[in-house]
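Novice:
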Amino acid sequence: GNSVTQMEGPVTLSEEAFLTINCTYTATGYPSLFWYVQYPGEGLQLLLKATKADDKGSNKGFEATYRKETTSFHLEKGSVQVSDSAVYFCALSARSYIPTFGRGTSLIVHP
Amino acid sequence: EAGVTQFPSHSVIEKGQTVTLRCDPISGHDNLYWYRRVMGKEIKFLLHFVKESKQDESGMPNNRFLAERTGGTYSTLKVQPAELEDSGVYFCASSQEGITDTQYFGPGTRLTVL
Chain A
22 GNSVTQMEGP VTLSEEAFLT INCTYTATGY PSLFWYVQYP GEGLQLLLKA
72 TKADDKGSNK GFEATYRKET TSFHLEKGSV QVSDSAVYFC ALSARSYIPT
122 FGRGTSLIVH P
Chain B
40 EAGVTQFPSH SVIEKGQTVT LRCDPISGHD NLYWYRRVMG KEIKFLLHFV
90 KESKQDESGM PNNRFLAERT GGTYSTLKVQ PAELEDSGVY FCASSQEGIT
140 DTQYFGPGTR LTVL
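In the order they appear, the protein sequences are chains A and B.
Quick note on numbering: the first sequence equals residues 22 to 132 in our numbering.
Quick note on numbering: the second sequence equals residues 40 to 153 in our numbering.
1. Going by beta carbon distance, what residues of the same chain come within less than 6 Å of residue 100 of chain A, once the five residues before and after it are set aside?
2. Are there three or more Cβ pairs, one per stretch, closer than 8 Å when the segment 120 to 133 of chain B is compared with the segment 53 to 61 of chain B?
3. Run through DSSP, which three-state label would residue 133 of chain B get?
4. Taking C-alpha atoms, which residue in A:103, A:64 and A:109 lies nearest to residue 96 of chain A?
5. Could you tell me which of B:116, B:129 and B:143 sits nearest to residue 135 of chain B, measuring between CA atoms?
6. Closest Cβ-Cβ distance between residue 93 of chain A and chain B: below 9 Å?
7. Would you identify the three-state DSSP class for residue 127 of chain B, choosing helix, strand or coil?
8. Residue 43 of chain B and residue 64 of chain A: beta carbons closer than 9 Å?
9. DSSP state of residue 79 of chain A, grouped into three classes?
10. Rank A:132, A:129, A:112 and A:102 by C-alpha distance to the C-alpha of residue 24 of chain A and give the top, closest one.
11. Kindly say whether residue 64 of chain A, judged by its beta-carbon, lies nearer than 9 Å to any beta-carbon of chain B.
12. Residue 98 of chain B and residue 85 of chain B - do their beta-carbons sit closer together than 9 Å?
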C-alpha cells in the first residue's frame, strides 16, 4: 500500500538557519505529493504540491522537488523565521483523492 | 469567507461515555471528510461525504463510530461508547464539488478518553 515516511522531530533551529525536512514515499503509479503545515491552534493548510516527476512546488519561501528516482519530496527553506514554527506533514495522493499522510515533523525556530 | 470550523476544540471524557464532534464545512462545499491523528502517528482517513451521502467510509475503525451529515451541511461524528484508544485529534476537511485534492482543514478536536 501507499505510505509516507518523514523525519522525526522536533527539529530545532535558530532564526535564519537552513531547513530540510526529509520525506520519502512508497506508492503505486504516479502520485501527487504535498506538504501541509499546521500552525498552533489552526487547521492543516496546504503549503505546496507537485503533481509529476521533477516538478518543484514552492510557497512562502519553502520548496520541494518531486524526485521519482529517489521517491523523495524533501522540504527546504533557506532562512527560517520564528513564525515558521509549526508541524509539517508530507502527504501523497495516488489514484484515490484521499491523501496518505506522514507522521508530521514539529519545527521549532528560536530567535 | 469563514473556514472549516469544529466544535469542541477539546473534549475529555471517561471510557464508556459518548461524545459527539461537530464540523461545519466551508459554505457551498459538497465534499466533507473526517480524519483522525492518534498521538505521534499519521493522520488517517475516516470517511467522506458528498452532500448528505457517505461516499467512502472505509476508514471508520468500528461500529462505535457513527457519522452523519444532515441536509448536506454540517456533520457530526459520534463515538459511543468511547474507548481509551479513541483518544486523538479529529480533523474535518471540506472541498468543492469535483476539486477533491485541495481540501481545507479545520483546527481539529482533541479528544481524550480517560
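Ideal Cβ positions, reconstructed from N, Cα and C, are used throughout, including at glycine.
Specialist: According to the data block:
1. 37
2. yes
3. strand
4. A:109
5. B:143
6. no
7. strand
8. yes
9. strand
10. A:112
11. yes
12. yes
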